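Undergrad: Please read through the structure below; I'll follow up with questions.
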Amino acid sequence: EAQVTQNPRYLITVTGKKLTVTCSQNMNHEYMSWYRQDPGLGLRQIYYSMNVEVTDKGDVPEGYKVSRKEKRNFPLILESPSPNQTSLYFCASSLRGDQPQHFGDGTRLSIL
Amino acid sequence: SQQGEEDPQALSIQEGENATMNCSYKTSINNLQWYRQNSGRGLVHLILIRSNEREKHSGRLRVTLDTSKKSSSLLITASRAADTASYFCATDGGGYQKVTFGTGTKLQVIP
Chain A
13 EAQVTQNPRY
23 LITVTGKKLT
33 VTCSQNMNHE
43 YMSWYRQDPG
53 LGLRQIYYSM
63 NVEVTDKGDV
73 PEGYKVSRKE
83 KRNFPLILES
93 PSPNQTSLYF
103 CASSLRGDQP
113 QHFGDGTRLS
123 IL
Chain B
24 SQQGEEDPQA
34 LSIQEGENAT
44 MNCSYKTSIN
54 NLQWYRQNSG
64 RGLVHLILIR
74 SNEREKHSGR
84 LRVTLDTSKK
94 SSSLLITASR
104 AADTASYFCA
114 TDGGGYQKVT
124 FGTGTKLQVI
134 P
């Protein structure tokens with residue numbers, strides 16, 4: 013079954029404690045992306061990757077890091093989380109950036 | 024930010040009625056897509072319209088695109104309670120790279 017898998021689904025943590033949200037896709041997609049969703053703001057792109065070892069900033073990259081060492085994985089790293097990063101996060105993948113994206117089920121992060 | 028905007032923000036209709044939601048964007052595009060989201064779940068792709076197309080149909084969905092006005096509309100005909108969800112438009116900015124989502128329209132279909 014074609015899917016994008018994110019882990020964890022829920023996480024409550026404290027300010028400054030590094031965390032990683034993993035994302036994996038099994039569709040051999042070139043393009044992967046991270047979004048955050050906040051009430052009234054829709055989805056905002058954090059980072060995207062057009063292929064292995066190729067990443068670029070989206071609209072809200074501050075405070076986040078990503079890496080794309082393998083085609084199927086695109087982890088999101090918060091080196092020093094802060095409360096303003098409390099949000100619902102989605103990973104997505106597609107053949108190309110202008111093609112339909114498949115979304116994961118989301119990760120709800122609460123940073124106290 | 025190049026984020027698009029959708030209106031209305033919320034829409035409540037009776038089952039069987041048509042629902043229309045609009046999306047405006049700011050930059051030239053390659054494709055425009057519409058997605059649906061059920062209550063905090065992952066988004067699901069509905070339909071894609073290319074910048075050189077003006078109208079596209081898929082089942083009960085009809086999408087129009089006016090690149091001169093930088094706007095698109097999504098029409099859901101003969102709505103059902105199961106159509107209750109949030110709907111988002113997304114544009115790729117013409118560079119096959121960065122993707123920008125609108126703020127979404129929350130649709131409620133009352134049985």
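Residue numbers (my numbering), protein chains in the order written: chain A, 13 to 124; chain B, 24 to 134.
Where is the CB? At the ideal position from N, CA and C, for every residue including glycine.
No experiment lies behind these values; they were computed from the predicted model shown.
(1) Rounded to whole angstroms, how far is the Cβ of B:A101 from the Cβ of B:V132, which I believe are closer than 8 angstroms?
(2) What's the C-alpha gap between B:R73 and A:T25?
(3) Answer with yes or no whether the minimum CB distance from B:V122 to chain A is below 8 angstroms.
(4) Below 8 angstroms between beta carbons: does that hold for A:G52 and B:G65?
(5) In the region 61-81 of chain B, which residues sit with their C-beta less than 8 angstroms from some C-beta in chain A, listed in chain order?
(6) Run the CB neighbour count on B:H135, radius 10 Å, all protein chains shown included, and call it buried at 16 or more, exposed below.
(7) Where B:R83 and B:N41 are concerned, what is the direct C-alpha to C-alpha distance, given to the nearest angstrom?
(8) By Cβ distance below 6 angstroms, which residues in the same chain neighbour B:C46 in space, the five residues on each side in sequence not counted?
(9) Can you list, in chain order, the residues of its chain with a C-beta nearer than 6 angstroms to that of B:P134? Leave out the 5 residues immediately preceding and following it.
TA: Judging by the given coordinates:
(1) That belief does not hold up - the Cβ atoms of B:A101 and B:V132 are roughly 10 angstroms apart, past 8 angstroms.
(2) 42 angstroms
(3) yes
(4) no
(5) G63, R64, G65, L66, V67, H68, L71
(6) Because residue 135 of chain B is not part of the residues shown, which for chain B are 24 to 134, the question remains open.
(7) 10 angstroms
(8) G27, E29, S95, C112, G125
(9) E38, A104
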